[in-house]
Every structure is written in structure tokens, then in C-alpha cells.
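A short worksheet on the structure shown next.
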Amino acid sequence: MEFNALNAEALYTALFLPRAVEERMLIALRQGRISKWFSSYGQEAVSVGTALAMDSDEWICTMHRNLGVFTSRDIPLKKLFAQFQGKKTGFTKGRDRSFHFGSSEHKIFGMISHLGPQLGVADGLALARKLKGEPKCVLVFTGDGGASEGDFHEALNVAAVWQLPVLIVVENNQWGLSTPSKEQFVFDSFTVKGPAYGMEAHQVDGNDFEAVYSITKSLTDSIRENPRPILLECVTFRMRGHEEASGTKYYPEGLIDSWKEKDPVDRFRSQVLSTGWMTEERLKEVEDFCHKTVLEELNAALEEPAPVYNAKEELNDVYAPLQSSLSEDPAGPVKKMRLIDAIHDALGLALERHPQLIYMGQDIADYGGVFKATEGYSDRFGKDRVRNTPLCESAIVGAGVGLSVEGYKSMVEMQFSDFVTEAMTQICNQAAKLHYRWGQNVDMVIRMPTGAGVAAGPFHSQSTEAWFTRVPGLKVVYPSNAHDAKGLLLQAFEDPNPVLFFEHKALYRSQESDVPTEAYSIPFGQAAVLSQGDDLTVVTYGLGVSWVQSFLQQHPEISIELIDVRTLVPLDENTVLNSVRKTGRCVIVQEDTWRGSFGSDLAQVIQRECFAQLDAPVFVISSEDLPIPFASELEQGFLAKSRLETTIFKAISF
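At position 464 of the sequence shown (counting the first as 1) the number is 1320 in my numbering, and the numbers step up by one without a gap.
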């Protein structure tokens, strides 16, 4: 789009419309029609200028002050206002507020409150476009304050290493809520950041509409022709508070007035008048039309229905529906496999079944991963599909989210499940909530080598499954044997939702089963009854299964019904509860510590549902509430296995 008389009206309309929305929203906030407002007043040139420079089918990842992106992408104002008011017809059906939403139709991926995660998502969106061989660019915004987040470093580093076609726009409005830039960082311009990551960096006056558009158009055209990341700093100013309630009293006297002279709308209006592109009368007509349209659409949105809580509907939207064509009962040959071999086999079959499946993780390509689960697959399927990553768990999980938006599946291998803490925001606040918030599924499997028993100490041995069983939107799978591991992992790749797949390190090469050689699935939410019994129900998973089976071999006189739940979320409650109603006693065995654990949660369910049939309390055998010690002698005392026999006899004799 050229800046000339022919396009002047369209350009001024694009720039003025978000200002008209701003002014109306500030009134609506005072009237109580909306609950919160993050103002982009004075920053419109950044959002509008960059958005107009993008192709309409290119993704833009937005932040608080990017109203102009939404209006430039022609999002219906009525639906936008319904979103701001928490209406049923908003983008999130009243489940999230303001700009915390996305729209696949308009190629906008909205933010969450944590500021940094959209940068990793942009990497995934850009990777998808690059893998498809499409000459496209992704644009992602961050603020000067948000750029202090670790996600900024991770995402820029990944974008540079993988040469991803992404434009990183830093809206430098010089304040993070009330904290000035001089207290956020010790450099004068974000352009110094680019060379540090091996990428170009440019700066532009963010209040100059034409300049923002011109440089963005030039940079994105260059990225489309030669895929690579570029950083663009837009220097601007936040005229109002971080959000309206915070105010601007912390600004030095006279600062706002000095920036009013650089107001982007006023500057472009003066330019249009001085060049003769439009008359004062025509400008006024455009402004009146924008104000009138905004008010009409706001009033229409006010008439939209408020959401009504319907538990079934809300719960149904937490997960995307599952469709699988895999057989649950393969008739082909079986083969003895160790658990690690079954996982390796499943990973290869999944790559064959799903051409859009991408594996990402530290050292998983030529090296095959630290446990060799992906050995040989980078040679067989190529390094585009089996990708080594830098040490940046958050950005890589974010990239998995972005890949899913573009129709890809992904697998992320955590080298050890303990390291997942680096990606908790992406997993628990981004991936888990996305489908519930605006209907975007996250088709991702995160493999989690886990557990103790190998004398690896407190940072390579933790049981981390309970960190995720309480987060709606995630599925948590934990096989105890090679047969289940293969079927459950293949099922995980069929599932369009984020799946945390736990693999016990001590079982990798110590457990062996007969495993079908062809692809098959084990549906989630189906527990396995490994032995029938009348005296006691024992419920467990993972390494706990081996512990209990060893106990059964030593004590054949006890009639124990052993249940391996296999998937913690979804949980097969019926199988567990029916068994407890039959035996009247229950012991839950877990490797995890007790407080806040899956076992303590399940015990409460059993006692609530089976209270009348219980002949004894539900016992939970757990490891000590300690960090996991390194020395094997200390570790063995720590583990729940050391209390297994005593507690089972206590439950039977109660």
C-alpha cells in the first residue's frame, strides 16, 4: 500500500478507528460496561503500520497494546466488544478477557498475561511456514518490559539458530507499568540485542505511521525472500497507565505533554492535510463515521446474551475431541521388547503414520537422546522432523503450540522430567487452557523421563506427575511396562490435546514384555486389572506396579486385586471404585511424596464414593516428604517401597 492521495482515506481510517475505539472504551470503563482496559492510546501507529505491512494470511502474535492489529484485520467490532464485555458471543465465550484470545480466521494469536510466551509460539508458527516452503513471515510483539523475560532470550535464540522467518517487534514505550527503562535494562536501544543473537536489528520512530509501515514492509519482504529473524524496535510512549486503574502519577511532570506533540494520529492527520491528500471536511467525515460505527457496534454488543454456566458445555470445551483409526487389538506378531525399545518403536511408527509430526528436544537427532529413544530417526526421517534444540524448554514447548496452530503435531522430549519447570507457563497456562479459551487445540506430546531408583539425586529423580494432574486441559499418561508404553504412546500421538507422557528411567532397560510389532493403541482412561483378588485392592502406576508384583510373588497367601491405572488423567475411576466396593480395603502405592500427590487425591475420591463399603481407611504408601537424596542407601530409605509390606499388612489386619 502506497502512502498517497489514492490511499489516504483508507490509511487514515485504519489509523483513526482504534483511536475511536479507545475513546469509547474509556467511557465504557467509567460506565462499568467493561471491567478493565489496556490502553494503546498514542501507540496506534505501531500496531496499524506493522499489521498493514503483513499479508492477510500471515500470523501476528499480539500483546496488550495492539488494538490496531485487530481493527486492521477487520475483526467485527461487535464481536470484539462482546469479547471485552465477557459475552457469550465473544471470542472466548466469556472465559477470558480483553485481548487474551486468538482467531485462526484472522491469523491473530493473542497473548496470555505472562508477557513472554507468545514469542515461542511465533517461532513455531514461523517454523511451520518454513517447513511448508511458504514464503511467509510471522510478526510477534513484545514490550520493553516483557523483553526482560527469559522467553525473549529463548525465542530469539531459537529463531536465530533455526533461521525462522519472524519479525520481532519491540514496542519500546519506555515504561513497564511504573518502572522506567533505566531500571529495566542498561542499554539505550534494543538494536544492540540483534547482533548478540546473530540477527539484524533496526529502530524506527514508532509514532511515525508511514515510517513504521515502510520499514515493516521492507523487512517482511526481505524475510519472505530470505527466511531469517529480524528485530525491529519501535520507539513510542504509553500515554495512559499500564491499565486504567494504575494511572500515570509516576510519570515526571511534563512528560505526557511532550509526547502529545508526537501523537501518531495527529501527526498523520497533519501530513494528510499538508499534502492535500484529504480536506479537513473529509477527515472530519471519516472521524465521525468511525465514532458512529464504534458506538453502534458497542450498543449492539451490549444486547448480546451474557454467558450462562452449563457444566457439561464448559467441561466439553476443555479438550478437543479425539478421533483415532488405530486398532486396539492388533492380530500381528509380538516381540519381546524392553520399555525403551517399545518407546523407540512407537516413535518410529508415529513418524510414519503422521507426516506432519515434528520431534524436538536436546540431543535427540544424531545422538538419539540421552536414553536413545530417538536413535536413528534423524537419519531416517531427516533433521527437519527430528530436531536438536538449544537448552530452552519454554521456547520449544511454545514452538510446539505454534506448530499445532498450523496443523502440525509435535513431540517435545524433556531430557529429564525435572527440567520441565522451565516450561511450566507454556504447558499449564498456554497449552492447557488454549482449547477452552478460544477453541484452538494443542496437538503435542511431551515425553518425561522420570523417577528415582537410579541414584541420580534431587534434580534428576523427582516424581513430577502430580504437578500436572491438577491442571485442566492436560492429559497425563504413565505406563508401567513395554506393552502399555507402546500402545499408550501411539495413542498420545492420535490425541489432539497436550499429553504429558511419563517414562520411568529405572524401567527403561529392566522391564520387558511381549509387544505387538505393528501399530496399536491403548485408549486413555482404561485401567488394567493385573490380578484378581478379594482381600485388598492395590492401586498404583509406573514403578509401583513392579514393587507390588514382587510383593505378590513373596506373599501368594494374600488375595490382592492389583490395578494399574495407566493414565492419571483421564482416570478410570469406575474400575477402581468397583474393586474397592468388592474388597472393602484399598492401598494406593506411588513413588511420589504424599503431600498434594495424585495418590492423596485418589484416596479422597475413594473414601467419598465407597465410604459405606470400606472396612479400613484408604492407605497411601508414598515416599518421604523430602527432596530425593543421592546416595543409594538414603534413596532406598526415602522411597515408598521401603514401607510397602508394613502398610499392606496393616490395611489387611485393620
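C-beta atoms are modelled at their ideal positions from N, C-alpha and C, and glycine is treated no differently. This structure is a prediction, so every number in the text was calculated from the model and none was measured.
In angstroms, rounded to a whole number, what distance separates the CA positions of residue i and residue j?
| i | j | result |
| --- | --- | --- |
| Ala978 | Gln1282 | 13 Å |
| Val1048 | Ala1015 | 17 Å |
| Pro1483 | Lys988 | 46 Å |
| Gly1343 | Glu1160 | 47 Å |
| Asp1420 | Ser1369 | 15 Å |
| Pro1473 | Ala1383 | 22 Å |
| Leu1330 | Cys1284 | 8 Å |
| Tyr1264 | Glu1208 | 14 Å |
| Ser1453 | Asn1430 | 20 Å |
| Leu971 | Trp915 | 18 Å |
| Ser1234 | Ala1198 | 18 Å |
| Thr1325 | Trp1294 | 22 Å |
| Asp1351 | Leu1178 | 6 Å |
| Ala1157 | Arg1096 | 25 Å |
| Pro1211 | Arg1241 | 9 Å |
| Glu1465 | Val1432 | 11 Å |
| Val1371 | Ala1341 | 9 Å |
| Ile1071 | Pro1083 | 17 Å |
| Asp1185 | Ala1348 | 17 Å |
| Gly1132 | Arg1125 | 11 Å |
| Asp1113 | Ala901 | 18 Å |
| Gln1469 | Ala1507 | 14 Å |
| Lys1168 | Val1128 | 55 Å |
| Ser896 | Lys986 | 32 Å |
| Ile883 | Ala984 | 42 Å |
| Pro1036 | Leu1075 | 29 Å |
| Cys1248 | Gln1367 | 31 Å |
| Glu1117 | Phe1065 | 14 Å |
| Ser1415 | Glu1262 | 52 Å |
Once the 5 residues before and after residue i are set aside, which same chain residues still bring their CB inside 8 Å of it?
| i | result |
| --- | --- |
| Glu1417 | Val1385, Ser1387, Gln1388, Gly1389, Asp1390, Leu1392, Thr1393, Val1394, Ser1435, Lys1438 and Thr1439 |
| Arg1138 | Glu865 |
| Phe955 | Phe894, Thr918, Met919, His920, Asn922, Leu923, Phe926, Gly966 and Met967 |
| Asp1471 | Gly1440, Arg1441 and Phe1510 |
| Gly1381 | Thr1423, Pro1426, Leu1427 and Asp1428 |
Near residue i, which residues of its chain fall below 6 Å by C-beta distance, leaving aside the five closest residues on each side in sequence?
| i | result |
| --- | --- |
| Ser1034 | Tyr1106 |
| Tyr1175 | Asn1353 |
| Ile1462 | Val1436, Cys1442 and Val1474 |
| Gln982 | The sequence given here places Ala at residue 982; Gln does not occur at that position. Closer than 6 Å at Cβ, skipping near neighbours: Val994, Leu1020, Pro1021 and Val1022. |
| Gly1254 | Pro973, Gly976, Val977 and Gln1282 |
| Tyr1223 | none |
Quickly, what does DSSP pair residue i with across the bridge? List them, please.
| i | result |
| --- | --- |
| Val1371 | Lys1191 |
| Ala1384 | Asp1420 |
| Ile1220 | Paired residue(s): none; Ile1220 is not in a bridge. |
| Phe1475 | Val1443 |
| His1058 | Leu1088 |
| Leu1213 | Lys1265 |
| Leu1259 | Leu1259 pairs with nothing; no bridge assigned. |
| Thr1449 | Ser1479 |
| Asn863 | Asn863 pairs with nothing; no bridge assigned. |
| Thr1396 | Asp1420 |
| Arg1125 | For Arg1125, which the question treats as bridged, DSSP gives no partner whatsoever. |
| Arg1243 | Met1216 |
Looking only at its own chain, which residues have a Cβ that is under 7 Å from the Cβ of residue i, when we skip the five neighbours before and after it?
| i | result |
| --- | --- |
| His1316 | Phe1272 and Asp1274 |
| Phe872 | Val1121, Val1142, Glu1143 and Cys1146 |
| Glu1005 | Leu971 and Gly972 |
| Ala1362 | Gly1307, Gly1309, Val1310 and Leu1399 |
| Arg1365 | Arg1194 and Ile1196 |
| Pro1246 | Asn1013, Val1014 and Val1017 |
Report yes or no: is there a C-beta of chain D within less than 7 Å of the C-beta of residue i?
| i | result |
| --- | --- |
| Glu1117 | No chain D is present in this structure, which holds just one protein chain. |
- Cβ contact (3+ pairs, closer than 8 Å) linking the segment 1397 to 1408 and the segment 1369 to 1379: no
- Task: Inspect the CB distances between the segment 1176 to 1194 and the segment 961 to 972 and report whether three or more fall short of 8 Å.
- Result: no
- Query: Contact between the segment 989 to 1002 and the segment 910 to 924: three or more CB pairs below 8 Å?
  - Reply: yes
- Jot down the residue ranges of each uninterrupted alpha helix (DSSP H) in the segment 1298 to 1370, minimum 4 residues, whole runs only, in chain order. 1322 to 1325 and 1338 to 1350
- Item | Residue ranges of each beta strand (DSSP E) within the segment 963 to 1038, 3 or longer | 994 to 999 and 1022 to 1028
- Query: Quick check: the segment 1222 to 1229 against the segment 1246 to 1260, are there 3 or more CB pairs under 8 Å?
  - Reply: no
- Message: Is it the case that the segment 1023 to 1042 contacts the segment 948 to 962, given that we only count it when at least three CB pairs across the two stretches are under 8 Å?
- Response: no
- Message: Contact between the segment 1406 to 1416 and the segment 1455 to 1471 is defined here as three or more beta-carbon pairs at a separation below 8 Å; is this criterion met?
- Response: no
- Task: Mind listing, in chain order, the continuous alpha helix (DSSP H) runs of no fewer than 4 residues lying wholly within the segment 1134 to 1169?
- Result: 1136 to 1158
- Task: Please list the segments of the alpha helix (DSSP H) lying wholly inside the segment 902 to 971, counting only runs of 4 or more residues, in order along the chain.
- Result: 923 to 928 and 933 to 940
- Counting pairs of Cβ atoms below 8 Å between the segment 1085 to 1100 and the segment 1054 to 1067, do you hit three or more? yes
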